[in-house]
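Trainee: Numbering (my numbering), first residue to last: 614 to 751. I'd like to ask you about the structure that follows.
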């Protein structure tokens, strides 16, 4: 590897790590507040038509996914989960005509999708089967 490639790889790794840790901190806090049963969140969920227990499901999922996105080995799974939650949050705000609030999950969802893209495991393609092996099968 040339020195420039090593620096680019290190910079990319640091950038992805910083984005992942930012997501983890954001969603650890958001999930913990929801799990704490803060009245504001339970009122919002009720106003949007969700059952009372759903705020705890979302809060627990946010905490779990924040932990997953913080670890490089599970970063892709955590980021995809957070992206899913943000898609639901965006749809909730959009359907409720809360267009100004819909920008927040759009921003976090974009960050989660970029993190997932950067952490995506490489695709492995099987090598082609040699013709001699195919001839033996016939």
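Beta carbons are placed, not taken as given, at the ideal position from N, Cα and C, and that holds for glycine. A quick note: this is a predicted structure, and the numbers were derived from the prediction, not measured.
I think residue 650 touches residue 659, with their Cβ atoms under 8 Å apart; what is that distance to the nearest whole Å?
Mentor: Actually they do not touch by this definition, with Cβ atoms about 13 Å apart.
Trainee: Return yes when the Cβ of residue 709 is within less than 7 Å of the Cβ of residue 661, no when it is not.
Mentor: Judged by beta-carbon spacing, residue 709 lies within the 7 Å limit of residue 661, meaning their Cβ atoms are closer than that value.
Trainee: With DSSP run on the structure shown, which of helix, strand or coil describes residue 681?
Mentor: helix
Trainee: So residue 633 and residue 728 are supposed to be a Cβ contact under 8 Å. How far apart are they, rounded?
Mentor: 5 Å
Trainee: Rounded to whole angstroms, what is the Cα-Cα separation between residue 731 and residue 642?
Mentor: Cα to Cα, the separation comes out at about 24 Å.
Trainee: Check this for me: beta carbons of residue 652 and residue 676, under 7 Å apart or not?
Mentor: no
Trainee: So residue 636 packs on residue 679, CB below 8 Å; how close in whole Å?
Mentor: About 7 Å; that satisfies the 8 Å criterion.
Trainee: In its own chain, which residues sit with a C-beta less than 6 Å from the C-beta of residue 688, not counting the 5 before and 5 after it?
Mentor: 633, 682 and 732
Trainee: Need the endpoints of the alpha helix (DSSP H) that residue 721 sits in, please.
Mentor: 716-732
Trainee: Assuming residue 692 and residue 706 form a contact by the criterion Cβ under 8 Å, report the distance between their Cβ atoms to the nearest whole angstrom.
Mentor: No, residue 692 and residue 706 are not in contact; Cβ-Cβ is about 21 Å, not under 8 Å.
Trainee: Is residue 718 buried or exposed, if buried means 16 or more other CB atoms sit within 10 Å of its CB?
Mentor: buried
Trainee: Short of 7 Å in beta carbon distance, which residues of its chain neighbour residue 629, apart from the five on each side in sequence? Order them along the chain.
Mentor: Cβ neighbours of residue 629 beyond the five flanking positions: 728, 731 and 732.
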